[in-house]
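So the structure is just underneath, and the comments pick up after that.
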Amino acid sequence: MHNTRFLTQEFEYFVPHTLSEALDLLFTYQDKRTKILAGGTDLLVKMKTLGIGVDYLININEISEIKNVELDKGLKIGAAVKLSQLEKMKAVKEEYPALYEGITSMAAIAIRNMATLVGNICNASPAGDTIPPLVVYGAKLRIVSKKGERVIPLEDFISGVGETILKRDELVSQVIIPEPYKDLGSAFCKKGRVKADIAKINLAVGIERDGDICRDCRIVLGSVFSKTLRAYKSEEILRGKVIKDDLIISAAKRAAEEIKPIDDVRSTAEYRNELARVMVEDTLHIAWERAGGKRW
Amino acid sequence: MEEYKIEMKINGERLVATTQADESLLKFLRRNGFFEVKCGCEKGECGTCTVILQGKAVKSCITLALQANNKEVWTIRGMEKFELGRKLQESFVQYGAIQCGFCTPGMILVAKAYLDKNPIPDRKEIKREIAGNLCRCTGYKKIIDAIYAVAEENKKMN
Ligand SMILES: Cc1cc2nc3c(=O)[nH]c(=O)nc-3n(C[C@H](O)[C@H](O)[C@H](O)COP(=O)(O)OP(=O)(O)OC[C@H]3O[C@@H](n4cnc5c(N)ncnc54)[C@H](O)[C@@H]3O)c2cc1C
Ligand code: FES
Ligand code: FES
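Right, dumping it as structure tokens:
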């Protein structure tokens, strides 16, 4: 057991007030163990319990450029925006319900008051609750460094457990979520041991409806692989088809076959497979109804 | 290790002190005599270290003291300065929502921050709000009763 009392390590602390200041720091200290501190709800816990070593800590919470949410043809969410701020926004609740449900399923309010959306993404946990919804909505990340910027799909960002494609002098400045298709129905579902717990499985689905037909869809699961997983074959069953109960049942079955869960402290692989099937089925029904589709 | 001079307003009073980068807000507060901020799990799970930072409940064990620089912090000791704070304290006593009392500061602070913005929640909402605060004694029912009683009173006054 580690002593969890104190952060017994020495590091230097910076509070830049502009993005360019932060990027200068990242550039200067890229060969050292330099970490960005957003809410700290993952990082500080890891520093305490896992003894993750840090030489330089850059608190990004005072950078005004990344503190707001732009509501213009979708959402642009700055890296210092707190989860509790997002859950209060009407646009999030009404237009991106799976994201709203993902956020409010997380931890407790005192955590969400500190934690950020970008922190949840960069932490790259397979159980991160905002990641499946964001993949459903086709979110992209704006990544900046002293040398320039790039925008990449969230789907390509996480490369493994706790790993991302971020270079050492880069940070994520913004999450860009496009405007949803007009008849998109989406939903999130999570099963933990108790409320506000880390997920055994979490998932989000989105169905774009055209009459009785599923024009396009996404089924995205967490905690079932080393990173968030898209059930492509299951999606294929629904895409372009008239939506009926039996189709949803077979798509759910297929999704359960596609996942690659493990046995861990939270659950067994066998249980996760069974659970995934039921959860996908229920959540597809909810999404289809939200898209304005009929129940068969 | 480098010393940083920081300043905050704690329970309405200015405090100027020094800290180091690795000091949690919890440790900082206790070192400066605010022992009412309790130390439990030290990793964000139990909620007994909760304080109100800039009007919002946060867990001080996973907040750096430096993150509270130039900010306003309230602990349970300051709650008597607010009508809502006093009401909650009295209600906890009245409903027997305190046994060992270790969770009480966190519970009351979370409830205060919440009721400030949502004065008339239902029991389900109260339950959801205190989900991050563990109590090993009461079984939660009396805590929820105590907070709900204050909400009921707010309703009558509206
Ligand atoms: C008690 C408790 C319960 C929790 N419950 C849940 C839960 O139910 N579901 C869930 O998904 N998570 C949960 N978490 C984990 C955590 O709260 C979330 O992942 C949160 O969103 C992290 O955000 P943060 O801002 O605190 O990240 P931080 O801890 O500040 O950062 C996380 C990581 O991302 C990096 N980072 C942060 N911002 C950037 C940036 N802009 N650019 C590049 N890198 C960056 C940091 O360097 C760090 O490595 C829980 C945590 C605790 C302590
Ligand atoms: S001591 Fe901070 S949450 Fe337990
Ligand atoms: S009264 Fe003892 S922990 Fe809550």
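Protein sequence lines, in the order shown, are assigned to chains A and B. Residue numbering for the first sequence follows the numbering used here, starting at 10 and increasing by one per position. Residue numbering for the second sequence follows the numbering used here, starting at 9 and increasing by one per position. All residues carry an ideal CB built from backbone N, CA and C; glycine is no exception. Since the model is a prediction, treat every value here as computed from it, not as a measurement.
query: Does any heavy atom of ligand 1 sit closer than 7 angstroms to the C-beta of residue 235(A)?
result: Along the first sequence, read from residue 1 onward, the residue named residue 235(A) stands at position 226. No, since every heavy atom of ligand 1 falls outside the 7 angstroms radius drawn around the Cβ of residue 235(A).
task: Rank 128(B), 17(B), 129(B), 95(B) by C-alpha distance to the C-alpha of residue 40(B) and give the top, closest one.
output: For the purposes of this step, residue 40(B) is taken as residue 32 along the second sequence, with counting starting at 1. Ranking the options by Cα distance to residue 40(B), first place goes to 17(B).
message: The alpha helix (DSSP H) that contains residue 281(A), what's its start and end?
response: Here residue 281(A) refers to the residue found at position 272 when the first sequence is read from its first residue. First-last of the alpha helix (DSSP H) with residue 281(A): 278-299.
task: Sort 186(A), 166(A), 287(A), 222(A) by Cα distance to residue 100(A) and report the nearest one.
output: As a first step, residue 100(A) must be located in the first sequence, where it is residue number 91. The residue with the shortest Cα to Cα distance from residue 100(A) is 186(A).
- prompt: Which residues in chain B sit within 9 angstroms of residue 76(A), going by Cβ to Cβ distance?
  reply: Here residue 76(A) is taken as the residue at index 67 of the first sequence, counted from 1. In chain order: nothing, as chain B lies at least about 13 angstroms away.
query: Going straight from the alpha carbon of residue 242(A) to that of residue 259(A), what length do you get?
result: Stepping through the first sequence from its first residue, residue 242(A) is reached at position 233. Stepping through the first sequence from its first residue, residue 259(A) is reached at position 250. Approximately 11 angstroms, taken between the alpha carbons.
query: Is there at least one non-hydrogen atom of ligand 2 closer than 7 angstroms to the beta-carbon of residue 171(A)?
result: Within the first sequence, numbered from 1, the residue matching residue 171(A) stands at position 162. Flag unset: Cβ of residue 171(A) not near ligand 2.
query: Is the stretch 126-136 of chain B in contact with the stretch 98-113 of chain B, if contact means three or more CB pairs nearer than 8 angstroms?
result: no
message: Using beta carbons (cut-off 8 angstroms, strictly below), is residue 10(A) in contact with chain B?
response: Along the first sequence, one-based indexing puts residue 10(A) at 1. For residue 10(A), the predicted structure reports a pLDDT of 37, less than 50, and the residue's modelled location is therefore unreliable. The matter cannot be settled from this model.
message: Taking a contact to mean a Cβ-Cβ separation below 8 angstroms, would you say residue 21(A) touches residue 64(A) in this structure?
response: Translated into positions along the first sequence, residue 21(A) becomes position 12. Translated into positions along the first sequence, residue 64(A) becomes position 55. A contact, by the Cβ cut-off of 8 angstroms.
Interface positions of the stretch 43-58 of chain A facing chain B (Cβ-Cβ less than 7 angstroms), listed along the chain: 49, 50, 53, 54, 57, 58
query: For residue 13(A), which three-state DSSP category applies?
result: Along the first sequence, read from residue 1 onward, the residue named residue 13(A) stands at position 4. Confidence at residue 13(A) is low in this model, with a pLDDT of 42, below 50, so the placement of that residue should be treated as unreliable; the coordinate-derived value is given next. Of the three classes helix, strand and coil, the one that applies to residue 13(A) here is coil, per DSSP.
Closest by C-alpha distance to residue 223(A), when choosing among 147(A), 75(A), 77(A), 297(A): By one-based count along the first sequence, residue 223(A) stands at place 214. The option with the nearest alpha carbon to residue 223(A) is 297(A).
- prompt: Does DSSP classify residue 70(B) as helix, strand or coil?
  reply: Here residue 70(B) refers to the residue found at position 62 of the second sequence. Three-state DSSP puts residue 70(B) in a helix.
field: Among 32(B), 124(B), 75(B), the one whose alpha carbon lies nearest that of residue 87(B)
entry: Numbered from its first residue, the second sequence carries residue 87(B) at position 79. Selected option, being the one with the closest Cα: 124(B).
task: Report the three-state DSSP secondary structure of residue 162(A) (helix, strand or coil).
output: On the first sequence, position 153 is the one that residue 162(A) refers to. In this structure, residue 162(A) counts as strand in the three-state DSSP scheme.
message: From the DSSP secondary-structure annotation, give me the bridge partner or partners of residue 90(A).
response: For this step, residue 90(A) is matched to residue 81 along the first sequence. DSSP, once it has assigned bridges, lists no residue as partnering residue 90(A).
task: Leaving aside the five residues before and after residue 50(A) along the sequence, list all residues of the same chain whose C-beta is less than 6 angstroms from its C-beta, in chain order.
output: Residue 50(A) sits at position 41 when you count from the first residue of the first sequence. Closer than 6 angstroms at Cβ, skipping near neighbours: 120, 123, 124.
message: Going by DSSP in three states, residue 157(A) sits in which element: helix, strand or coil?
response: Residue 157(A) sits at position 148 when you count from the first residue of the first sequence. The answer is strand: DSSP assigns residue 157(A) an E or B state.
field: Neighbour list for residue 177(B) in chain A, Cβ cutoff strictly below 9 angstroms
entry: Here chain B comprises residues numbered 9 to 166, so residue 177(B) is not present and cannot be evaluated.
query: In chain order, what residues of the same chain lie with their CB nearer than 6 angstroms to the CB of residue 12(A), ignoring the 5 residues before and after it?
result: Position 3 of the first sequence, counting from 1, holds the residue named residue 12(A). Any answer about residue 12(A) is weak, because its pLDDT of 41 lies below 50 and its placement is not dependable; what the coordinates show is given next. Excluding sequence neighbours, residue 12(A) sits near nothing in its chain.
query: How many whole angstroms separate the CB atoms of residue 229(A) and residue 269(A), which I take to be in contact at a CB cut-off of 8 angstroms?
result: As a first step, residue 229(A) is located in the first sequence; it is residue number 220 there, counting from the start. As a first step, residue 269(A) is located in the first sequence; it is residue number 260 there, counting from the start. 14 angstroms between Cβ atoms; not a contact.
- prompt: Does ligand 3 have even one heavy atom less than 7 angstroms from the beta-carbon of residue 146(B)?
  reply: Counted from its first residue, the second sequence places residue 146(B) at position 138. Yes, the Cβ of residue 146(B) comes within 7 angstroms of a heavy atom of ligand 3.
- prompt: Is the beta carbon of residue 111(B) sitting closer than 8 angstroms to the one on residue 142(B)?
  reply: For this step, residue 111(B) is matched to residue 103 along the second sequence. For this step, residue 142(B) is matched to residue 134 along the second sequence. Yes, these two residues count as a Cβ contact at 8 angstroms.
task: Could you pull out every residue in the same chain whose Cβ sits closer than 8 angstroms to the Cβ of residue 117(B), ignoring the five residues on either side in sequence?
output: Counting from 1 along the second sequence, the entry for residue 117(B) is found at position 109. So the list reads 58, 59, 60, 65, 82, 83, 84, 87, once near-sequence residues are dropped.
message: If we require 4 or more residues per run, which alpha helix (DSSP H) segments fall completely within the stretch 210-276 of chain A?
response: 241-247, 254-267
task: Note down the Cα distance separating residue 129(A) from residue 40(A), rounded to an integer number of angstroms.
output: On the first sequence, residue 129(A) is found 120 positions in, with the first residue counted as 1. On the first sequence, residue 40(A) is found 31 positions in, with the first residue counted as 1. Their Cα atoms are separated by approximately 24 angstroms.
task: Taking residue 14(B) as the reference, give the member of 73(B), 121(B), 113(B), 91(B) with the closest Cα.
output: Mapped onto the second sequence, residue 14(B) falls at position 6. Among 73(B), 121(B), 113(B), 91(B), the Cα nearest to that of residue 14(B) belongs to 73(B).
- request: Could you pull out every residue in the same chain whose Cβ sits closer than 6 angstroms to the Cβ of residue 275(A), ignoring the five residues on either side in sequence?
  value: On the first sequence, residue 275(A) is found 266 positions in, with the first residue counted as 1. Same-chain partners within the cutoff: 209.
Close beta carbons around residue 303(A), own chain, < 6 angstroms, minus the five adjacent residues each side: Indexing the first sequence from 1 puts residue 303(A) at position 294. Around residue 303(A): no qualifying Cβ.
message: Comparing C-alpha positions only, which one of 170(A), 227(A), 157(A), 162(A) sits nearest to residue 5(A)?
response: For residue 5(A) there is no data in the structure shown, the boundaries of chain A being 10 and 305.
message: For residue 50(B) and residue 69(B), which I take to be in contact (beta-carbon distance under 8 angstroms), what is that distance rounded to the nearest angstrom?
response: Mapped onto the second sequence, residue 50(B) falls at position 42. Mapped onto the second sequence, residue 69(B) falls at position 61. Indeed, because the Cβ distance is near 5 angstroms, the residues count as touching under 8 angstroms.
query: Is DSSP giving residue 114(B) helix, strand or coil here?
result: Position 106 of the second sequence, counted from the start, is the residue given in the question as residue 114(B). Reduced to three states, the DSSP call for residue 114(B) is helix.
- prompt: Is the CB-CB distance between residue 199(A) and residue 114(A) below 8 angstroms?
  reply: Taking the first residue of the first sequence as position 1, residue 199(A) is located at position 190. Taking the first residue of the first sequence as position 1, residue 114(A) is located at position 105. Contact: yes.
- request: For the stretch 70-103 of chain B, enumerate the residues whose C-beta is nearer than 9 angstroms to any C-beta of chain A, in chain order.
  value: 70, 71, 72, 74, 75, 77
task: Please go through the same chain and pick out, in chain order, the residues whose beta-carbon is closer than 6 angstroms to the beta-carbon of residue 36(B), but skip the five residues on each side of it.
output: Against the second sequence, residue 36(B) aligns to sequence position 28. 27, 73.
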